[in-house]
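This report concerns only the one structure given below.
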Amino acid sequence: MTSGVEREIRVEQEYVDGLYGLLDGLRKEAVQRLEGARRVGDREAVEVWRAEVGRLGGVEQGLCFGRLDLRDGSRVYVGRLGLFREDGGEPLLVDWRAPVARAFYTATAADPQGVARRRRITTRGREVVALDDELLGDAGQEGLVGGAALLAAVTAERTGRMRDVVTTLQAEQDRIVRSDASGVLVVQGGPGTGKTAVALHRVAYLLYTRPHLRTRGVLVVGPSRVFLDYIGQVLPGLGEHSVVTATTADLVPGVEVSRIDPPEVVAAKGAAVMADRLAAAVRDRVRIPEHPVEVEFEEQVLELDPRTCARAVRKARRTGLPHNAARLVFQREIADVLAHHLVERMEALVLGDTGEALDGGSPDGRLSEADLRALAAAGVVVEDDDEPRTLLDETDRAALRDSLIADPGIQAALDALWPPLTPDQVVSDLVERVDGWSAADVPLLDEAAALIGHTADLPTYGHVVVDEAQELSEMAWRMLMRRCPTRSMTVVGDLAQTGNPAGTSSWDRVLRPHVRDRWELAELTVNYRTPAEIMTAAATLLATPPPRSVREAGETPWRIGTTRADLPGVVADLAEAHTEGRLAVIAPSTRIEPLAAALSLTTPPDLTDQVVLLTPDQAKGLEFDSVLIADPAGILDATPLGHHDLYVAMTRATHRLGVVHPGPPPAALSALRLRSG
1 MTSGVEREIR VEQEYVDGLY GLLDGLRKEA VQRLEGARRV GDREAVEVWR
51 AEVGRLGGVE QGLCFGRLDL RDGSRVYVGR LGLFREDGGE PLLVDWRAPV
101 ARAFYTATAA DPQGVARRRR ITTRGREVVA LDDELLGDAG QEGLVGGAAL
151 LAAVTAERTG RMRDVVTTLQ AEQDRIVRSD ASGVLVVQGG PGTGKTAVAL
201 HRVAYLLYTR PHLRTRGVLV VGPSRVFLDY IGQVLPGLGE HSVVTATTAD
251 LVPGVEVSRI DPPEVVAAKG AAVMADRLAA AVRDRVRIPE HPVEVEFEEQ
301 VLELDPRTCA RAVRKARRTG LPHNAARLVF QREIADVLAH HLVERMEALV
351 LGDTGEALDG GSPDGRLSEA DLRALAAAGV VVEDDDEPRT LLDETDRAAL
401 RDSLIADPGI QAALDALWPP LTPDQVVSDL VERVDGWSAA DVPLLDEAAA
451 LIGHTADLPT YGHVVVDEAQ ELSEMAWRML MRRCPTRSMT VVGDLAQTGN
501 PAGTSSWDRV LRPHVRDRWE LAELTVNYRT PAEIMTAAAT LLATPPPRSV
551 REAGETPWRI GTTRADLPGV VADLAEAHTE GRLAVIAPST RIEPLAAALS
601 LTTPPDLTDQ VVLLTPDQAK GLEFDSVLIA DPAGILDATP LGHHDLYVAM
651 TRATHRLGVV HPGPPPAALS ALRLRSG
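Each residue of the sequence shown is one higher than the one before, starting from 1 at the first, in full-length UniProt numbering.
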């Protein structure tokens, strides 16, 4: 006999089959249109249909994941995009971002919002494999929405890639995703609260509700390439491909980060005062001479006095143009003065056939009788009037100015007063660069580029998402704001995880200079990922309470002592014995090379490997089934904010946490269960 569940699965399978039939038809049509656009060479249409093919392909997995049975007897199927009957009637599948789908994420027994039953549909490929029903009665307790499905998702083994959480968004997360904030929305939350997932789902929601963003573009900034690879499948899985991802170092093309600054240098370079120092450095490159400057042009010696140079500098600076553009104004002003001097000489002198001067000219600019006779003898007819008579008209004067500016000798003299600059020159001089660039130099190079005008090809975006935003220095924030003139941002971070010496301890401090009060804070308070046992252990590193964990894993964090010499071997043995899910070994940067050799691992890591080796900085925003921390004291001592880095390392695990410490354990970890070798 067929059970009720099997009957329901068969019913849902039939419905899902129909949805995939519609999807296949749309995909086939999009492919045909793309091929047609390519044949006729319509580039704009090619881009449109290529994006559509990508969008339809991205929703293949988990196309339909939910159903709402409403109290009025109607049903709403919820999925990754909207699908409609061929006659354009009622939707067969509602996009999860549509208002009618919101109850799927927010309805509870205490607040059913017109929902009688919420059904979660689990598929594998195109096959319906499970159903999970929640009956929303007249009363109940507030709690997790779809708790069984949520816990199944957070306890599932990691894959090395972030999954979207479109099927399990919780009410507090959904509120942030659908926020109508038009300025900067700061999403603050501790480990495991889903900050990154919320931010990415918010991007998908904004692209759905604000279509103009598709043409203006969305930029997602992450802390590392490892992190960006980790989240790379989330937006395509939500049907969105029109997003650019980058690290802060990627925002300045052509700059290769090849060295690491000491913490105190990082902090100094990241401070906002560096913007003033760079501006002063650029300004100081303009020189007003103390004595007249002689320049030669066409065998004539011309003189530039300091007052003329000062006046030209003031006029150029009043334009507000960047250094290199204002330099052209300065040059034009100087050329005008030099041209005027030359014209005066020419107008004051009339030459005879032998090349000798016939007359010294008239002080009031008029041609004398001697001038007129000489010109008449040369065949030049000048009308008899009372106006000052000149030899050169305005076209001649303009040509003379251009000739002056183009003259190599004059150009060299002008460059000595107002030199052309490059960002490399400005920053190298200021920070006394020896070799290579550091990550802290990138915002300085961007600031210098803005000051001198090397930003003609700088891309800007309609919305910017910043993940691990607590790590950004004040100078990095200036760089990001230049990429987003509208100041429309979703900023994601946790001040308790700040590891950068130039990072922030206050959102208001870093945002107010740029947006004033056009920012608001939204907080995530529930930890879905990290078990309570691990959060209790990690909380000893913080002065503030961590987010509340919704589950226990049943596994107590442990520690093992060893020696510095034996550390790589002990870690390698533990990693080899690991068999449950993916393992991350997190260690200070000074330990990476010997550990990589002992573990036979490559760096940077491939997150799809069963075992990966990371620094705390690389581990930010990632999650693994198990975490093994090697040398916690080394992490603590690496930077002034080492306790934040160790907190990050400890809270990456969804199930198990172990610590291997050379010598005595740090005081904060001494209470961990001591495991025998």
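Think of the CB as a built atom: it goes at the ideal place given N, C-alpha and C, for glycine as much as any other residue. Model, not experiment: these values are computed from the prediction.
- The Cβ-Cβ distance between V612 and V585 falls below 9 Å.
- Judged by DSSP secondary structure, L583 falls within the beta strand (DSSP E) whose first and last residues are L583 to I586.
- Our two residues, G114 and R175, have alpha carbons roughly 18 Å apart in a direct line.
- Going by DSSP, R307 is part of the alpha helix (DSSP H) stretching over P306 to R318.
- The beta carbon of L430 is closer than 7 Å to those of R277, L278 and A281 in its chain, skipping five residues each way along the sequence.
- With the rule of 3 Cβ pairs closer than 8 Å, the segment 598-605 does not count as touching the segment 121-137.
- Nearest Cα to G436 within the set C309, S506, G254 and G554: G254.
- If you look at S258, you'll find it in the beta strand (DSSP E) that goes V257 to R259.
- In the three-state reduction of the DSSP assignment, M489 falls in the strand class.
- Going by beta carbons, L541 and Y647 fall inside the 9 Å limit.
- At the C-beta level, V427 and A456 stay beyond 9 Å of one another.
- DSSP places I231 outside both helix and strand once states are collapsed to three, so it counts as coil.
- Annotation for E623: R158, R529, R652 and T654 place their beta carbon closer than 7 Å to its own, counting only its chain and skipping 5 residues before and after.
- Straight-line spacing of the CA atoms in A103 and A51 works out to 30 Å.
- When the Cα atoms are used, E523 and S670 turn out to be separated by approximately 32 Å.
- A residue is called buried once 16 or more other Cβ atoms fall within 10 Å of its Cβ, and T525, having fewer, is exposed.
- In the three-state reduction of the DSSP assignment, N500 falls in the coil class, being assigned neither a helical nor a strand state.
- Per DSSP, reduced to three states, the secondary structure at I121 is strand.
- About 17 Å separates the beta carbon of G270 from that of A450, a gap too long to meet the 8 Å contact definition.
- Residues V165, Q173, L524 and Y528 of the same chain have their beta carbon placed closer than 7 Å to that of G194, with the five preceding and five following residues left out of the count.
- A619: member of the alpha helix (DSSP H) spanning P616 to A619, first to last residue.
- By a beta-carbon distance limit of 8 Å, L444 does not contact V466. Their separation comes to about 19 Å.
- For L70, the three-state secondary structure derived from DSSP is strand.
- Straight-line measurement puts the Cα of S626 at about 13 Å from the Cα of D609.
- Rounded to the nearest whole angstrom, the C-alpha separation of T544 and H644 is 12 Å.
- Considering only V343, L131, L304 and L342, the residue with the shortest C-alpha distance to Q331 is L304.
- Secondary structure of T155 (DSSP, three-state): helix.
- If you draw a 10 Å sphere on the C-beta of E240, you find 16 or more other C-beta atoms in it, and that means buried.
- DSSP, read as helix, strand or coil, puts S438 in strand.
- Uninterrupted beta strand (DSSP E) stretches at least 3 residues long and entirely within the segment 438-482 occur at 463-466, given in chain order.
- With respect to P605, V257 sits apart: the two C-beta atoms are not nearer than 9 Å.
- A buried status is given to V128, since no fewer than 16 other beta-carbon atoms sit within 10 Å of its beta-carbon.
- When the five nearest sequence neighbours on each side are left out, the beta carbons in the same chain lying within less than 7 Å of the beta carbon of G499 are those of E471, P616, D617, T639, L641, H644, D645 and V648, in order along the chain.
- Cβ-Cβ separation between A45 and A37: approximately 4 Å, consistent with a contact (criterion under 8 Å).
- The alpha-carbon of I452 is positioned some 50 Å away from that of R564.
- A399 and V343 have their alpha carbons spaced roughly 12 Å apart.
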